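Right, one structure below, let's go through it.
Following this line, the structure appears as structure tokens:
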């Protein structure tokens, strides 16, 4: 069990990739805190996964809520070793139809939320001279995607944020990496039409979509001590789509 | 001098320097080997210890042990 005695904090942990990561971490011996705005699903997920998993309701774009939640988690669990910045939303529209509000809602959660949670947690990581931060970016942050200017910008922002954090925190034994999933079978990609899915399948050399399990495996590696000399990297997880 | 002792203890712990190097004239970066993140951590440690808020602007000016001590003495006067 590679995460024995570690405490992990996962945003957007109620469902999708976050819940998959939580499950994997529990199997590897970590104590896991999942946060989400969706309290109903979050509570259910924590019950379903079982083990040392705890749900906290939190809106990552609300600085006060983030501070309070992190404070109570640190009080309860005495430390946070691993942070997975996973929470994110989409609000797809072609640029011509995208309002300022469409833009800001995605940036507020995906990018500003990542900043707020990282900032709230890094202080304790610096003090304890240990930390693993994994940010969930996306291949669209590297290659762009029509209809996702807001989402792609937020994910590209996360990549720049990851590298800056990695440089600032490297001397404190804290690694910060990002992963860039391509098409993973989740609720977020379920809504795509068959036509769009077929189009993207052609762009994926491996000819298939990824599974949440694939993401959880990579995140586990980056959150463990097996990756202790890797920082500031963006690792694509996309069946070879971007290379 | 109780305040100086507290400040020195924090610096010794934070920067892993021998106490005798922590003089009022010592500069955090040049003489005590602090990097930029160390200086932020020191400010945070002072804030915690003395229960006060030090603005970024004020923090920038505190580049020696002496300046930090004077500043903290001033702020903690009741």
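Residue numbers (my numbering), protein chains in the order written: chain A, 1 to 243; chain B, 244 to 321.
Even for Gly, the Cβ is constructed at its ideal location relative to N, Cα and C.
Computed from a prediction, not measured in an experiment: that's the story for all the values here.
Chain-order list of residues whose beta-carbon lies under 6 Å from that of residue i (same chain, five-residue window excluded)
| i | result |
| --- | --- |
| residue 30 of chain A | 3, 6, 8 |
| residue 32 of chain A | 8, 22, 25, 26, 53 |
| residue 259 of chain A | The question about residue 259 of chain A has no answer here: the residues shown for chain A are numbered 1 through 243. |
| residue 285 of chain B | 257 |
| residue 272 of chain B | none |
| residue 240 of chain B | Summary: the structure shown does not reach residue 240 of chain B, with chain B confined to residues 244 through 321, and so no result is reported for it. |
| residue 312 of chain B | 247, 250 |
| residue 282 of chain B | 271 |
| residue 51 of chain A | 26 |
| residue 244 of chain A | Outside the modelled stretch of chain A, which goes from 1 to 243, sits residue 244 of chain A, for which no answer is possible. |
Presumed contact (8 Å Cβ cut-off) between residue i and residue j, rounded CB distance
| i | j | result |
| --- | --- | --- |
| residue 221 of chain A | residue 228 of chain A | The Cβ separation is near 11 Å, so there is no contact. |
| residue 106 of chain A | residue 151 of chain A | 6 Å |
| residue 130 of chain A | residue 173 of chain A | 5 Å |
| residue 270 of chain B | residue 306 of chain B | 6 Å |
| residue 253 of chain B | residue 310 of chain B | Contact flag wrong, Cβ pair sits at about 15 Å. |
| residue 319 of chain B | residue 267 of chain B | Residue 319 of chain B to residue 267 of chain B, Cβ: 17 Å. No contact. |
| residue 165 of chain A | residue 118 of chain A | 6 Å |
| residue 275 of chain B | residue 264 of chain B | 6 Å |
Own chain partners of residue i with C-beta closer than 8 Å, once the 5 adjacent residues on each side are dropped
| i | result |
| --- | --- |
| residue 242 of chain A | 139, 142, 143, 180, 182, 236 |
| residue 41 of chain A | 14, 15 |
| residue 204 of chain A | 182, 183, 238, 239, 240, 241 |
| residue 43 of chain A | 55 |
| residue 145 of chain A | 151, 152 |
| residue 217 of chain A | 24 |
Proximity of residue i and residue j at Cβ, strictly below 7 Å
| i | j | result |
| --- | --- | --- |
| residue 159 of chain A | residue 234 of chain A | yes |
| residue 20 of chain A | residue 86 of chain A | no |
| residue 176 of chain A | residue 162 of chain A | yes |
| residue 170 of chain A | residue 114 of chain A | no |
| residue 82 of chain A | residue 223 of chain A | yes |
| residue 84 of chain A | residue 34 of chain A | no |
| residue 178 of chain A | residue 135 of chain A | yes |
| residue 71 of chain A | residue 116 of chain A | no |
| residue 120 of chain A | residue 67 of chain A | yes |
| residue 194 of chain A | residue 147 of chain A | no |
| residue 78 of chain A | residue 112 of chain A | no |
| residue 185 of chain A | residue 211 of chain A | yes |
| residue 36 of chain A | residue 12 of chain A | yes |
| residue 149 of chain A | residue 96 of chain A | no |
Interface partners of residue i on chain A, CB under 9 Å
| i | result |
| --- | --- |
| residue 280 of chain B | 126, 168, 169, 171, 172 |
Where residue i meets chain A, residues with beta-carbon distance less than 8 Å
| i | result |
| --- | --- |
| residue 291 of chain B | Simply none; closest approach about 10 Å. |
| residue 256 of chain B | Those within 8 Å of residue 256 of chain B in chain A number zero; the least Cβ separation is about 11 Å. |
Within chain A, partners of residue i - CB distance below 7 Å
| i | result |
| --- | --- |
| residue 301 of chain B | The premise fails here: residue 301 of chain B is roughly 19 Å from chain A at the closest Cβ pair, so nothing lies under 7 Å. |
| residue 284 of chain B | 126 |
Status (buried if at least 16 other CB within 10 Å, exposed otherwise) for residue i
| i | result |
| --- | --- |
| residue 155 of chain A | buried |
| residue 278 of chain B | exposed |
| residue 296 of chain B | exposed |
| residue 1 of chain A | exposed |
| residue 206 of chain A | exposed |
| residue 191 of chain A | exposed |
| residue 315 of chain B | buried |
| residue 110 of chain A | buried |
| residue 214 of chain A | buried |
| residue 196 of chain A | exposed |
Contact set for residue i: own chain, Cβ-Cβ below 7 Å, skip 5 residues either direction
| i | result |
| --- | --- |
| residue 208 of chain A | 239 |
| residue 262 of chain B | 251, 255 |
| residue 124 of chain A | 74, 79, 80 |
| residue 288 of chain B | 253, 257 |
Near the ligand GDP: residue i beta-carbon under 6 Å from a heavy atom
| i | result |
| --- | --- |
| residue 278 of chain B | Among the components modelled here there is no ligand, and therefore nothing to report on the ligand GDP. |
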